[in-house]
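Colleague:
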Amino acid sequence: MEHLGYRPAADEDAAYLFYLEEVGMRRPAEALWGRWIPSATIETYDVADHWIIEVEGRPVGCLAMTSEPGTIFIRRLYIAPDRRGRGIGTAVLREVALWAESATSSIRLSVLSTNPAARRLYEREGFVPETMTADRIHLILRPRAE
97 MEHLGYRPAA
107 DEDAAYLFYL
117 EEVGMRRPAE
127 ALWGRWIPSA
137 TIETYDVADH
147 WIIEVEGRPV
157 GCLAMTSEPG
167 TIFIRRLYIA
177 PDRRGRGIGT
187 AVLREVALWA
197 ESATSSIRLS
207 VLSTNPAARR
217 LYEREGFVPE
227 TMTADRIHLI
237 LRPRAE
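Residue numbers (our numbering): 97 to 242.
1) Given this structure, state the Cα-to-Cα distance separating E108 from A230, to the nearest angstrom.
2) In its own chain, which residues sit with a C-beta less than 8 Å from the C-beta of P177, not counting the 5 before and 5 after it?
3) Provide the residue span of the alpha helix (DSSP H) that contains F114, from first to last.
4) Between A125 and I168, what straight-line distance do the alpha-carbon atoms span, to the nearest angstrom?
5) Answer yes if the stretch 230 to 240 comes into contact with the stretch 192 to 206, meaning at least three C-beta pairs across the two stretches below 8 Å, and no otherwise.
6) Go through the stretch 183 to 214 residue by residue and report every complete run of the alpha helix (DSSP H) that reaches 4 residues or more, in order.
7) Take L208 as the anchor and find which of Y102, G185, T140 and L235 has the nearest alpha-carbon.
Here it is in structure tokens:
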């Protein structure tokens, strides 16, 4: 696995984040709701809590997280299409799991019910369904018992 780096997203990363969201979410959204509606425009995309994932200094994806005591929420994890299948998403999840473990925190996220590839990735890394709605599966990874 190539060495991953992270840097906080800046306003000039909005177009890249917008692109990653579209290529990551368009197909599952269209399968679920019949259309794709972006969460924002490039001009209004909120880069707060976003990290650009880099390999050898080049962007390959993004990670957005928030937290509260005892829980880290992964809001977004997108890998660029040309970099998928190389273990980057797995490596990112494992690093987040280490951060969470050191803070004795659970990790929560949701995935669209029409995105089985993402769900497989999360479940392969130990996430289990916590709740389900008609359109989303909410998953959790609890810290290991000591």
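Heads up, the beta-carbon is just placed ideally off N, CA and C, and yes, glycines get one too.
Being a predicted model, the structure only gives us computed values, none of them experimental.
Modeller: Looking at the coordinates:
1) 35 Å
2) V119
3) A110 to W129
4) 24 Å
5) yes
6) Within the stretch 183 to 214, the complete alpha helix (DSSP H) runs of at least 4 residues are 184 to 198.
7) Minimum Cα distance to L208 is reached at L235.
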